[in-house]
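Residues in the sequence shown are numbered consecutively from 6, following our numbering.
These notes concern the structure reproduced below.
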Amino acid sequence: MARWGYPRKFKKVLYLFWGAIFIDLDHLLASPIFDPDRCSIFFHPLHSSVAIGCYLLLCLFKKTRIIGFALCLHILADSLDCLI
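What follows is the structure, encoded as C-alpha cells:
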C-alpha cells in the first residue's frame, strides 16, 4: 500500500506504517498482557474511542495524514481480530 500510494516516499511511508505497530505497547498495561479471547478495541488506552477519534483527525491534515492512515489501518486490523 505504501508503494502504491506514495511511490516517491515509499521508504518513509513504509517506516511510518511499521511505526503504527507501537500503539500495541499499551497491551503491556493489561493483566494478563495477552488474552486470546480479549478484543483490544475499546479495551486498551491507545485503542479507545478517544484515541481512534484522534487517529481519524490526523487523517484530515496533510502533514499527519500518513501516520493517521497507518494508525487507522492498525485499528481496522485489530477490529477484524475481534470478529473472528
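For each residue, glycine too, the CB sits at the ideal point set by N, CA and C.
- No Cβ-Cβ contact shorter than 8 Å links F22 with A56.
- A distance below 8 Å between beta-carbons, with the five flanking residues on each side excluded, links R70 to the following residues of its chain, in chain order: L63 and C64.
- In this structure, DSSP gives P37 a state outside helix and strand, which the three-state scheme calls coil.
- Per DSSP, reduced to three states, the secondary structure at Y60 is helical.
- Residues R43, F48 and H49 of the same chain have their beta carbon placed closer than 8 Å to that of A35, with the five preceding and five following residues left out of the count.
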